[in-house]
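Heads up: the sequence shown begins at 996 in this note's numbering, then just goes up one per residue.
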Amino acid sequence: MFYHICIEYQKFIDMRLSSLLIILIITLSCGKDTDTTKSAITMIKPNSNDTFRLSPDSVLVNFKVQDNGGLQKIQVNVTTASGTSMYSDTENTSDNEYQYVSSIKFTGFSTLTPMTLKVTAINKQQNSTETTTTFYVKP
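Listed below in structure tokens is the structure:
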């Protein structure tokens, strides 16, 4: 009888240790690829409050994005103060560093008009970073 109790107790202990070992392995393996660091966006052009003539100027949009864990997507949007979309672009990349350069020509404005450039960078872990710059176009 005592022998039977000892065997049952040993089975119980073995089962508990196995369960603890499984929980430990799962806990240690979870989160290895967790990247909570957001991408760094460095705006080169336009500078805040720059003013561009509709003709002959175009607006040079130039920025750099860096993320040590790898980038996935870059989104570029230009809107008026009222929210009207004037330009939109999405670039997919798997690099750690991305340089964006584009010349954008705007038409149809009769007064000095503020524009907002919004750049959104999304890394491989779906962390997003956003930066905005306001510039002006005039006839």
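Glycine included, every Cβ here is placed at the ideal spot set by N, Cα and C.
Can you give the Cα-Cα distance for residue 1034 and residue 1103, rounded to whole angstroms? Rounded to the nearest whole angstrom, the C-alpha separation of residue 1034 and residue 1103 is 35 Å.
Within 10 angstroms of its Cβ, does residue 1019 collect 16 or more other Cβ (buried), or is it exposed? At residue 1019, the pLDDT of 46 sits below 50, so the modelled position is not reliable; the number obtained from the coordinates is stated separately. Residue burial annotation: residue 1019 is exposed, with fewer than 16 other C-beta atoms found within 10 angstroms of its C-beta.
Run the CB neighbour count on residue 1094, radius 10 Å, all protein chains shown included, and call it buried at 16 or more, exposed below. Label assigned to residue 1094: exposed.
Just checking, does the stretch 1078–1088 make contact with the stretch 1034–1048 on the three C-beta pairs under 8 Å criterion? Short answer: they don't touch.
From residue 1123 to residue 1005, what does the alpha carbon distance come to, in whole angstroms? About 51 Å.
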